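Presented below is the structure to which this report refers.
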Amino acid sequence: MDKVELRRSLLQKRKSLSQQEWREKSDRIVSHLLASPLFSQGKTILAYFSCRQEPDLNSLFHHNHYNWGLPRCVGENLAWHIWQPGDEIQVGAYGIYEPLPTTPTVSPSAVDLIIVPAVACDYRGYRLGYGGGYYDRLLSSPVWRSKPTIGIVFEFAYLPQLPTDPWDIPLHAVCTEKGLG
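Residues in the sequence shown are numbered from 1 upward in steps of one, following the UniProt record's numbering.
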């Protein structure tokens with residue numbers, strides 16, 4: 001199955017989850033993240049606002065001993081802004097919530113971990129995104145390449161092997177409702 005067909009199939013499966021199943025699986029993913037040394041040793045963590053029935057990470061943001069960086073789509077790149085619960089957000093590109101453009105930005109040197117959204121991940125750490133290349137560009141950039149990364153998917157989207165392209169960069173870990181791999 002090519003990337004387009006695989007993406008379509010997995011997004012449909014994710015969309016078919018009941019609200020209760022989605023909530024339970026999302027809560028388990030958050031619990032696994034919080035228990036992970038890779039996560040708990042971080043201070044400044046880049047994350048994202050969940051959309052399109054992605055695993056919901058919003059409860060992470062209430063752990064206020066972390067500095068959160070959330071993305072805004074700016075042209076073909078992601079700009080990272082400091083965000084805490086209660087800060088204003090807006091609907092940006094692709095209907096995704098994002099911090100306001102006037103919010104202070106996150107310095108790459110301060111970042112300890114990047115939590116990466118995905119449609120699917122494989123056992124080698126490769127991810128299938130939505131096809132826009134935003135995270136591919138970010139993770140291949142020299143300033144971000146050395147940062148630890150955790151991909152977030154439901155277990156049904158954690159696959160033995162995904163089709164890859166030469167520019168794909170594997171993630172350091174993948175977290176599902178069954179644990180961190």
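Yeah, the Cβ is synthetic: ideal placement off N, Cα and C, and Gly gets one too. Note that the structure is predicted; figures quoted are calculated from it, not measured.
- Sequence-distant partners of residue 32 (beyond 5 residues in either direction) whose C-beta falls short of 7 Å from its own C-beta, in its chain, are 175, 179, 180.
- Rounded to whole angstroms, the gap between the alpha carbons of residue 52 and residue 15 is 7 Å.
- Residue state for residue 41 is assigned as coil, using DSSP reduced to three classes.
- In this structure, 13 is the residue among 13, 3, 4 with its C-alpha nearest to the C-alpha of residue 156.
- If you look at residue 33, you'll find it in the alpha helix (DSSP H) that goes 19-35.
- Between residue 44 and residue 106, the C-beta spacing is below 9 Å.
- For the pair residue 115 and residue 46, the CB atoms are nearer than the 9 Å cut-off.
- Take the alpha-carbon of residue 99 and the one of residue 148: they are about 23 Å apart.
- Using a Cβ-Cβ distance cut-off of 8 Å, the segment 135-143 and the segment 83-102 are not in contact, since fewer than three pairs of beta carbons, one from each stretch, lie closer than that value.
- Distances from the alpha-carbon of residue 4 to those of 71, 177, 164 put 164 closest.
- Residues 44, 45, 46, 47, 80, 81, 82, 83, 106, 111 of the same chain have their beta carbon placed closer than 8 Å to that of residue 69, with the five preceding and five following residues left out of the count.
- Leaving aside the five residues that flank residue 177 on each side, the residues in its chain whose CB is nearer than 6 Å to its CB run, in chain order, 25, 28, 29, 155.
- Within the same chain, and ignoring the five residues on either side of residue 38 in sequence, the residues whose Cβ sits closer than 8 Å to its Cβ are 113, 148, 150, 172, 173, 180.
- Pairing residue 152 with residue 57 gives a Cβ-Cβ distance under 9 Å.
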